[in-house]
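Contents: one structure, followed by commentary.
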Amino acid sequence: MEWIVAGCGAVLTLAAVCIARKKTGLEPSDRKKWLAALLLAGVGGFASGFLLILRVGTYLPNLLRLLLLGAFLAAAAYTDALSRRIPNQVVLGTAAVFAGCTLLDFLFSGMDAVAMMVNGLVSAGVFFLVFFLVRMASHGGVGYGDIKMITAAALIFGVYGTFSFLLTSHVAAALVAIVLLICKKASRKDGLPFGPFFYLGYLATLLMGTF
5 MEWIVAGCGA VLTLAAVCIA RKKTGLEPSD RKKWLAALLL AGVGGFASGF LLILRVGTYL
65 PNLLRLLLLG AFLAAAAYTD ALSRRIPNQV VLGTAAVFAG CTLLDFLFSG MDAVAMMVNG
125 LVSAGVFFLV FFLVRMASHG GVGYGDIKMI TAAALIFGVY GTFSFLLTSH VAAALVAIVL
185 LICKKASRKD GLPFGPFFYL GYLATLLMGT F
């Protein structure tokens, strides 16, 4: 079962990246970078599927919501890395996953699904407010695309999972920024596209089981 779900994760993630490429028209500068993007997407999707079956078992709504979240985050990573944008379609698709899997929760679990739904909605509201205020205080230091992606992911991860997701994403981004500064590949004024770090945070959260 683990290998089947892992394979599904790889297929979904690869499909998401390919669709993002087709819909946005964004192309890496050469073929090797495109193949590297596909390799990373496939490996990440496979790893997420394998980890999920170990962490959440075979409960279908949980597997679907987290596998599809990973696919959308991979698409966000691809577009953000190339254009510094996260398309609204990715955000809306993630929100649709929450809605669809919540409906499945009600079909499978009845009223037990209410707690998970409320957790997701509260998490999305809290993290949207926090990062919106951060954006206002920092005069645009956080992009609207990042805020929308965080809010959509929070619907699925809930409060605890979103905290872990954001913490690991920011730690990874900070480490990369430090390396770039030391190597003089970037200055303090340069920004980093956060989409790839969101995907790393997603994988780290699955690995640690902190959701």
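Position in the sequence shown (first residue = 1) + 4 = the numbering used here. Here a beta-carbon is modelled for each residue, glycine too, at the ideal position from N, C-alpha and C. Nothing here was measured: the structure is a model prediction, and the numbers come from that model.
Anticipated Cβ contact below 8 Å, residue i with residue j, distance rounded
i: G213; j: R59; result: 5 Å
i: R25; j: Y82; result: 7 Å
i: M121; j: T106; result: 5 Å
i: A14; j: G53; result: 7 Å
i: Y206; j: G74; result: 6 Å
Residue i versus residue j: straight-line alpha-carbon distance, rounded
i: L211; j: L55; result: 6 Å
i: A10; j: F202; result: 20 Å
i: L170; j: C22; result: 26 Å
i: R139; j: V95; result: 18 Å
i: L64; j: G48; result: 20 Å
i: E31; j: P91; result: 15 Å
i: K27; j: G149; result: 17 Å
i: T172; j: S142; result: 21 Å
i: L43; j: L108; result: 32 Å
i: C187; j: K193; result: 15 Å
i: A176; j: V163; result: 20 Å
i: L68; j: A51; result: 15 Å
i: N66; j: G147; result: 29 Å
i: C12; j: G104; result: 18 Å
DSSP three-state assignment for residue i, whether helix, strand or coil
i: L67; result: helix
i: C187; result: coil
i: G149; result: helix
i: T28; result: helix
i: R88; result: coil
i: K37; result: helix
i: D116; result: helix
i: P197; result: coil
i: S168; result: helix
i: M212; result: helix
i: V142; result: Checking the displayed sequence, the identity of residue 142 turns out to be Ser instead of Val. S142: coil per DSSP, three-state reduction.
i: T62; result: coil
i: M5; result: coil
Beta-carbon spacing of residue i, residue j below 8 Å
i: F76; j: A20; result: yes
i: A181; j: L204; result: no
i: G124; j: L86; result: no
i: L111; j: L72; result: no
i: F102; j: F161; result: no
Cut-off 8 Å between Cβ atoms - residues of its own chain near residue i, not counting five sequence neighbours on either side
i: S33; result: none
Own chain, CB closer than 6 Å to residue i, minus 5 neighbours either side, in chain order
i: P200; result: A81, A85
i: L18; result: A45, G46
The ligand SAM heavy atom lying under 7 Å from the CB of residue i
i: E6; result: This structure lacks the ligand SAM; in fact it carries no ligand of any kind.
Own chain residues within Cβ distance below 7 Å of residue i, not counting five before or after
i: T217; result: Here the chain covers residues 5 to 215 and nothing more, so residue 217 does not appear.
i: F136; result: I151
i: I57; result: M5, E6, V9
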